[in-house]
Amino acid sequence: MVRGSATRRWLGTAGFYALAVLFMLPTAFVFYWMLTLSLKPQVEATAFPPSFVRFTVTLAGYREVFTKYPFVLYTWNSLVVATGCTLLGLVVGLPAAYSIARWRQQRLAVVILVARIIPGIAYLIPWYIFFRSLRMVDTYGALILTHLIVGLPIIIWVMISFFEDVPADLADAALIDGCSHFGVFWRIALPLVKPGVVATAILSFVFSWNNFLFSVILAGRSTRTLPIAVYTMISYEEINWGTLAAAATLITLPVLLVALLAQRHIVTGLTFGAVKQ
Amino acid sequence: MTARPLTRRRFLQAMTAGAAAGPFVFTPARAQGFNWKRFQGKELFLLLTKHPFIDVLEKNIPEFESLSGMKVKWETLPEIQARQKLTVEMTANSGGIDAFFTSLHVEKKRFWKAGWYHPLNKFLDDKTLTSPDFDWNDFTPGARAGVTQPDGSISALAAFVDANVVFYRKDLFAAKSASPPKTLADLEPLVQKLHAPPATYGIVLRGLKNANATQYPSILFPMGGTYLKDGKAALDSKEQVAALELYTKLLRQYAPPGVVNFNWYECSASFMQSQVAIYMDGVNFASQFEDAAKSKVVGKVGYAVLPSGPGGHFSPIYITGMAVSTQSRSKEAAYLFAQWATNKANMVRELMAGVGVGRTSTWDSADVKAKPKMPADWYQAYQASLKIGRQGLPEIVGVTEYRDIIGVAIQKGIEGAPAAQVLAQAQKEFQDLLNRTES
Numbered sequence: 000m001v002r003g004s005a006t007r008r009w010l011g012t013a014g015f016y017a018l019a020v021l022f023m024l025p026t027a028f029v030f031y032w033m034l035t036l037s038l039k040p041q042v043e044a045t046a047f048p049p050s051f052v053r054f055t056v057t058l059a060g061y062r063e064v065f066t067k068y069p070f071v072l073y074t075w076n077s078l079v080v081a082t083g084c085t086l087l088g089l090v091v092g093l094p095a096a097y098s099i100a101r102w103r104q105q106r107l108a109v110v111i112l113v114a115r116i117i118p119g120i121a122y123l124i125p126w127y128i129f130f131r132s133l134r135m136v137d138t139y140g141a142l143i144l145t146h147l148i149v150g151l152p153i154i155i156w157v158m159i160s161f162f163e164d165v166p167a168d169l170a171d172a173a174l175i176d177g178c179s180h181f182g183v184f185w186r187i188a189l190p191l192v193k194p195g196v197v198a199t200a201i202l203s204f205v206f207s208w209n210n211f212l213f214s215v216i217l218a219g220r221s222t223r224t225l226p227i228a229v230y231t232m233i234s235y236e237e238i239n240w241g242t243l244a245a246a247a248t249l250i251t252l253p254v255l256l257v258a259l260l261a262q263r264h265i266v267t268g269l270t271f272g273a274v275k276q
Numbered sequence: 000m001t002a003r004p005l006t007r008r009r010f011l012q013a014m015t016a017g018a019a020a021g022p023f024v025f026t027p028a029r030a031q032g033f034n035w036k037r038f039q040g041k042e043l044f045l046l047l048t049k050h051p052f053i054d055v056l057e058k059n060i061p062e063f064e065s066l067s068g069m070k071v072k073w074e075t076l077p078e079i080q081a082r083q084k085l086t087v088e089m090t091a092n093s094g095g096i097d098a099f100f101t102s103l104h105v106e107k108k109r110f111w112k113a114g115w116y117h118p119l120n121k122f123l124d125d126k127t128l129t130s131p132d133f134d135w136n137d138f139t140p141g142a143r144a145g146v147t148q149p150d151g152s153i154s155a156l157a158a159f160v161d162a163n164v165v166f167y168r169k170d171l172f173a174a175k176s177a178s179p180p181k182t183l184a185d186l187e188p189l190v191q192k193l194h195a196p197p198a199t200y201g202i203v204l205r206g207l208k209n210a211n212a213t214q215y216p217s218i219l220f221p222m223g224g225t226y227l228k229d230g231k232a233a234l235d236s237k238e239q240v241a242a243l244e245l246y247t248k249l250l251r252q253y254a255p256p257g258v259v260n261f262n263w264y265e266c267s268a269s270f271m272q273s274q275v276a277i278y279m280d281g282v283n284f285a286s287q288f289e290d291a292a293k294s295k296v297v298g299k300v301g302y303a304v305l306p307s308g309p310g311g312h313f314s315p316i317y318i319t320g321m322a323v324s325t326q327s328r329s330k331e332a333a334y335l336f337a338q339w340a341t342n343k344a345n346m347v348r349e350l351m352a353g354v355g356v357g358r359t360s361t362w363d364s365a366d367v368k369a370k371p372k373m374p375a376d377w378y379q380a381y382q383a384s385l386k387i388g389r390q391g392l393p394e395i396v397g398v399t400e401y402r403d404i405i406g407v408a409i410q411k412g413i414e415g416a417p418a419a420q421v422l423a424q425a426q427k428e429f430q431d432l433l434n435r436t437e438s
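Residue numbers (numbering that gives the first Met the number 0), protein chains in the order written: chain A, 0 to 276; chain B, 0 to 438.
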């Protein structure tokens, strides 16, 4: 009996991992292919049948990324914009989410969501005219503000459910003890939802990091962000696969690192909001 | 809507303004003569496109700055993104762009109707604005036609001229003692002779809808077909049927599997991976074929002009140019840049880098002959193609829509549908499109 259940448990575990590998394979393969492509010379990148494992390794793609393109500048631009967008989003979004959750301002929440539902391209021309007249085209400010249209609704909507889970009794108790509403938010609610803040911050950071459309129109040569940089490797009747894949790998890396480091927070963050007492 | 209809009032206004301004504008200018430094101290902003022509040009922009005393700022984006940006800037009426690189084969008539191209005719005639050695007539007739609108206004200065040619594998041809096709009638027997799958497929041409529309005229024009007849759609003519039959039959029988979804990328990759004997496409691909890091067929590729046919001898050409924006606040200064970018010296540099241009004099330049980057038959095929160049796509507003319409017909043809039937459908859709957009 004992042995039988041990075997079953072992089989169960094996089955679990087999399934996990099966589901992960398509995702992992994309990364594998990107990584190998970045190390291949062009003539092998387009070879048919494709070479999956054995190929000549070259670092030419990476060398080209750094020598032919101001890649460091682009990375810096992306970092500034994504960080700025996330911080500003948190400063504005956290109190907003708290207020919506605490006083049940559902309509306000819907209005904010609508801003996210409208396709981004609809904003472009008004924004362009607006920023142009403020002489803000090709500045970090314009990019950060426009990326907020993507980041802010996410922050608010995810955080609403976190704040809803903070027991109202705690807030009432604090108010009776003489704490202000802002004090309740700052000293009581916020520390309780910290994992959620981390999770939403990462999401917002990634959305800004990957945003292409707004940056293409509103950024100039000095504020161009990474996703646009990848596109500039596609020329007329020519695609430079090695360089493209090298740049893509380098762009994915920071996001991947941030996500791995903060993984624990993301997981607790995502489940915390779902559990009700 | 037509572009800026000339009303009686506007005509009279222009007349009075011209009469009043004439003496003051022209007298000092005539005394002055041409001078690169005329707009010294001005600042220009250019919107450029990622393109081999621009890769070469960008390196020399500092030279223009010191020549003109102007400061040039520019941005280079991939073609589609550049078009998005231009559309936003123009719609917003920002005036932020002075000159831009334009793909005339896609946007010529659309941008003209929108009024985004500043007509360059007066600038070209003005001896104080155009350098004496610029020589407009040095551009090939095809290149000049490509930048000129139906009303005679010149929308851009022709920069890069892409022509369709035949790429063929010299080694495979030698083994079968074959020579490049002279006429359309030679084409199929030749392809059949070289077809030895799976090692070698006879031919590859673009099969994917929209993309295939730029290669189709390589067969259509010599067959005698045209897109329009007296302003009406002409996709169901017997020449069209014959052309589509040949194009699709070649691909159905002698091309690599899956060709129905091949864009230029799959076509050129299969050719560079040594899988195909004949490939017909834009001459610009050659620089990749001759690069050992990208191609397995370096030194094995022959270049020839397209075959002729019962309708004549043509090469479909696609032109990009440097245009001056109507919204620019310094149009004349922007014109100086466009003029410099397409002058003889810069065009020679382009040609030396293997980028084709539509200026006759450059092809005989001593510099190009002394240091050819490409094989001799490439220069010959290219030059011969420019002489028989004809705009490869219909010059209408809805170019993209047309490309989809004919593209779907070609795809259906490759899959086996009768040419007459798919073209009847395409004819109807094309005429609808013309009714909607051209009136």
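We treat Cβ as the ideally placed atom computed from N, Cα and C, and that holds for glycine.
Residue range Pro51 to Ser67 is occupied by the alpha helix (DSSP H) that includes Asn59/B. Burial is judged here by how many other beta carbons sit within 10 angstroms of a residue's own beta carbon; Trp126/A has at least 16 and is buried. By DSSP's assignment, Gln390/B forms a beta bridge with Ile316/B. Interface flag for Met373/B against chain A is unset, since no Cβ pair is found closer than 9 Å. Taking a Cβ-Cβ cut-off of 8 Å, Glu63/A has no neighbours in chain B, whose nearest Cβ is about 11 Å from it.
For Lys72/B, the enclosing beta strand (DSSP E) begins and ends at Lys70 to Leu76. Boundaries of the alpha helix (DSSP H) around Asp170/B: Lys169 to Ala174. Residue contact with chain B for Gly140/A: absent (no Cβ-Cβ distance below 9 Å to any residue of chain B). Gln252/B is positioned such that its CB atom lies closer than 9 Å to that of Gly201/B. Within the segment 274-361 of chain B, the complete alpha helix (DSSP H) segments of 4 residues or longer fall at 285-288, 330-340 and 343-351, listed in chain order. Annotation: Gln426/B to Ala233/B spans about 7 Å, alpha carbon to alpha carbon. In the three-state DSSP reduction, Thr182/B falls in the strand class (E or B). In the structure shown, Ser234/A adopts extended strand secondary structure according to DSSP, grouped into three states. Across the segment 272-296 of chain B, CB contacts with chain A closer than 9 Å involve Gln272, Gln274, Asp280, Gly281, Asn283, Phe284, Ser286, Gln287, Asp290, Ala291, Ala292, Lys293, Ser294 and Lys295, in sequence order along the chain.
Within chain B, no residue has its beta carbon less than 9 Å from that of Ala245/A; the closest one is some 14 Å off. Closer than 9 Å to the CB of Tyr378/B there is not a single CB belonging to chain A. Within the segment 404-433 of chain B, no alpha helix (DSSP H) run of at least 4 residues lies entirely inside it. By the neighbour-count definition (other C-beta atoms within 10 Å, threshold 16), Asp132/B is an exposed residue. Between Gly145/B and His104/B, the CB-CB gap stays under 9 Å. Rounded to the nearest angstrom, the gap between the Cα atoms of Pro255/B and Thr82/A is 49 Å. If you look at Ala98/B, you'll find it in the beta strand (DSSP E) that goes Ala98 to Ser102. The C-beta of Thr224/A has 16 or more other C-beta atoms within 10 Å across all chains shown, which makes the residue buried. Residues of the same chain with a CB within less than 6 Å of the CB of Thr101/B, apart from the 5 flanking positions on each side, are Ala155, Gly320 and Ala322 in chain order. Among the CB atoms of chain B, none fall inside 9 Å of the CB of Phe70/A. Listed by position along chain A, the residues whose Cβ is nearer than 8 Å to that of Glu78/B are Tyr235. Under the Cβ criterion of 9 Å, Gly119/A is not counted among the residues facing chain B. Assigned with DSSP and collapsed to three states, Asp176/A falls in coil, not helix or strand. With a threshold of 9 Å between beta carbons, Gln214/B makes no contact with chain A. Per the Cβ contact rule, the segment 380-388 of chain B is in contact with the segment 134-141 of chain B (3 or more Cβ pairs under 8 Å). In terms of CA proximity to Ile187/A, Pro166/A leads the group Tyr139/A, Phe65/A and Pro166/A.
Residues of the segment 103-117 of chain B that bring their beta carbon within less than 9 Å of a beta carbon in chain A are absent altogether.
Apart from the 5 residues on each side of it in sequence, Met33/A sits with its Cβ closer than 7 Å to the Cβ of Ala244, Ala247 and Thr248 in its chain, given in chain order. For Thr82/A, there is no enclosing beta strand (DSSP E); the enclosing alpha helix (DSSP H) has its first and last residue at Phe70 to Arg101.
Residue pairing by DSSP places Asn163/B opposite Gly281/B in a beta bridge.
Following the DSSP letters along the chain, one finds Tyr200/B in no alpha helix (DSSP H) but inside the beta strand (DSSP E) bounded by residues Tyr200 to Val203. According to the DSSP secondary-structure assignment, Lys231/B is paired through a beta bridge with Lys228/B.
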